[in-house]
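Here the structure comes first, spelled out in structure tokens, and everything after it is commentary.
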Amino acid sequence: MQYWLIKSEPDKWSWEQQKAKGEEGEPWDGIRNYQARNNMRAMEIGDKAFFYHSNIGKEVVGVVEVCSEIHPDPKTDDPRWECVDFKAVCDIPKPVTLADVKAEPRLADMSLVTSMRLSVQPVKEDEWNLVCEMGGLDKPA
DNA sequence: GCCAACGTTGGC
DNA sequence: GCCAACGTTGGC
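If you want our numbering, it's the position in the first sequence, counting the first as 1, plus 1443.
Now the structure itself:
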């Protein structure tokens, strides 16, 4: 079981749209970065990820779960690009903003801070637990 | 809307 | 294989 963080501009694909898909989930297509794709290849069904709104909001708004194996990106014929599907798990009661993360010394090594532009990134277990706590979840998702 | 950071592409 | 040019991301 590993933890991740995925970014989306709410203009293009928002948390509300993700939740509306429910159990069916949604392919995380459109990733055109090798490191991000490699992270998706390392995912297993049942892994959890934070859903982060970039650009607008700049906050962690929800928790999703990997619900498919890696498969070709349906949006392109280029065989290099693959993706997994995510389904919504729960809201973050108090969204954790980028400013919150930067203000917390224990999160200084989080990829969100150190690899700002990476759109699919790993999250360490202690980081995961702390962000859950900051977000107002009683116990980590 | 600007611009810095950074990844990718392509010429040599 | 280097590196300049270019495109994209994402914070501000």
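Here a beta-carbon is modelled for each residue, glycine too, at the ideal position from N, C-alpha and C.
Here the structure is a predicted model, which is why all the values come from computation and not from measurement.
So residue i is in the beta strand (DSSP E); what residue range does that whole segment cover?
i       : result
Ser1451 : 1446-1451
Could you name the residues that DSSP lists as bridge partners for residue i?
i       : result
Cys1526 : His1514
Val1532 : Answer by DSSP bridge pairing: none, since Val1532 is not bridged.
Gln1564 : Leu1448
Trp1507 : The amino acid at residue 1507 is misidentified as Trp; the sequence shows Val. Answer is Ala1492, Ala1531, bridged to Val1507.
Thr1540 : Glu1502
Name the residue from the options whose alpha carbon lies nearest to the alpha carbon of residue i.
i       : options                            : result
Glu1547 : Glu1576, Lys1455, Pro1583, Gln1461 : Glu1576
Asp1543 : Val1556, Asp1520, Ala1531          : Val1556
Ile1513 : Leu1561, Ala1479, Met1553          : Ala1479
Gly1473 : Lys1455, His1496, Glu1466, Gln1564 : Lys1455
Pro1517 : Glu1525, Cys1510, Ser1511          : Glu1525
Gly1500 : Arg1484, Ala1485, Glu1467, Ser1451 : Ser1451
Asp1520 : Pro1453, Lys1464, Arg1475          : Arg1475
Lys1385 : Tyr1477, Ala1551, Glu1469          : The chain is shown from 1444 up to 1584; residue 1385 falls before or after that span and cannot be answered.
Taking the alpha helix (DSSP H) that residue i belongs to, which residues open and close that run?
i       : result
Trp1458 : 1458-1464
Ser1554 : 1554-1557
Could you check how far apart the C-beta atoms of residue i and residue j are, in whole angstroms? I think they sit under 8 Å.
i       : j       : result
Ala1492 : Ile1449 : 5 Å
Gln1445 : Val1507 : Gln1445 to Val1507, Cβ: 13 Å. No contact.
Thr1540 : Glu1570 : Contact flag wrong, Cβ pair sits at about 15 Å.
Val1532 : Trp1471 : That belief does not hold up - the Cβ atoms of Val1532 and Trp1471 are roughly 15 Å apart, past 8 Å.
Trp1447 : Pro1565 : 6 Å
Val1574 : Asn1482 : Not quite, the Cβ-Cβ distance comes to about 18 Å (not below 8 Å), so this is no contact.
Val1509 : Phe1494 : In fact, because the Cβ distance is near 12 Å, the residues do not count as touching under 8 Å.
Lys1530 : Glu1467 : 7 Å
message: At 4 residues or longer, what runs of the alpha helix (DSSP H) sit wholly inside the segment 1468-1504?
response: Entirely contained in the segment 1468-1504, the alpha helix (DSSP H) runs reaching 4 residues are, in chain order, 1477-1484.
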